[in-house]
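*Asks:* Mind having a look at this structure? Questions to follow.
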Amino acid sequence: MAKIEHFAIYGKDTQALKDFYVDALGLRVVLDGGGSPPGYFLADDGGMAIEIIGRPPGESGVNQRWVCHLAFWVDDFAAARSALEGRGIVFETDTLADNDSIRTGFFNDPEGNRVQIVWRGRKLDA
């Protein structure tokens with residue numbers, strides 16, 4: 004069974020938004036993605052996480068391709084992908100990744116919502 008891993012949100016000031024969730028709601032930083040702008044994964048004690056994605060310098064708006072998606076952890080990426088494809092799901096070929104640290108792919112559910120399946124070499128709550 005897949006488990007909800009994270010939900011991605013946009014942050015104009017990713018560090019300030021990270022600090023809010025940590026200070027006000029007690030989430031903890033489980034992955035600091037660095038970069039410009041910095042990105043973060045914050046988790047609760049139950050293993051659910053939010054991903055804070057920022058807008059790169061020079062971009063005028065939110066890149067909806069990366070925010071507002073629901074991500075599911077799967078133990079066996081290949082089997083989960085195959086089962087979804089068997090239901091007629093088509094994965095975005097340009098977002099597929101398959102290596103020792105991450106296996107992931109994005110698709111749209113039957114209502115057009117953006118969904119990701121992911122396996123990581125290190126779980127976010129670890």
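Counting in my numbering, the sequence shown runs from 4 upward without gaps.
Glycine included, C-beta positions come from ideal geometry on N, C-alpha and C.
Anyone know if the C-beta pair for Arg117 and Phe80 falls short of 9 Å?
*Replies:* Counting from 1 along the sequence shown, the entry for residue 117 is found at position 114. Counting from 1 along the sequence shown, the entry for residue 80 is found at position 77. It is not a contact, given that the beta carbons lie outside the stated cut-off.
*Asks:* Does DSSP classify Lys21 as helix, strand or coil?
*Replies:* Here the question's residue 21 lines up with position 18 in the sequence shown. Of the three classes helix, strand and coil, the one that applies to Lys21 here is helix, per DSSP.
*Asks:* In whole angstroms, what separates the C-alpha of Asp47 from that of Asp35?
*Replies:* Position 44 of the sequence shown, counting from 1, holds the residue named residue 47. Position 32 of the sequence shown, counting from 1, holds the residue named residue 35. Answer to the nearest angstrom: the Cα atoms are 15 Å apart.
*Asks:* Tell me, please, whether the segment 47 to 58 touches the segment 16 to 34 by the rule of three or more beta-carbon pairs shorter than 8 Å.
*Replies:* The answer is yes - the segment 16 to 34 touches the segment 47 to 58, with three or more Cβ pairs under 8 Å.
*Asks:* Any idea which residues DSSP pairs His72 with across the strands?
*Replies:* Taking the sequence shown and counting its residues from 1, one reaches residue 72 at position 69. None; His72 has no bridge partner.
*Asks:* Can you check DSSP and say which residues form a bridge with Lys6?
*Replies:* Start at 1 with the first residue of the sequence shown, and residue 6 comes out as number 3. Bridge partners of Lys6: Trp76.
*Asks:* Between the Cα of Met4 and the Cα atoms of Phe75, Arg123, Phe110, which residue gives the shortest distance?
*Replies:* If you number the sequence shown from 1, residue 4 lands on position 1. Taking only the C-alpha atoms, the option nearest Met4 is Phe75.
*Asks:* Using CA atoms only, rank isn't needed, just tell me which of Ala86, Gly42, Phe10, Ile7 is closest to Arg58.
*Replies:* The residue you call residue 58 lines up with position 55 of the sequence shown. Minimum Cα distance to Arg58 is reached at Gly42.
*Asks:* Using the rule of at least 16 other Cβ atoms within 10 Å of the residue's Cβ for burial, across every protein chain shown, is Thr96 buried or exposed?
*Replies:* Mapped onto the sequence shown, residue 96 falls at position 93. Exposed, because fewer than 16 other Cβ atoms sit within 10 Å of the Cβ of Thr96.
*Asks:* Can you tell me which residues form a DSSP beta bridge with Gly42?
*Replies:* Start at 1 with the first residue of the sequence shown, and residue 42 comes out as number 39. Paired residue(s): Gly37.
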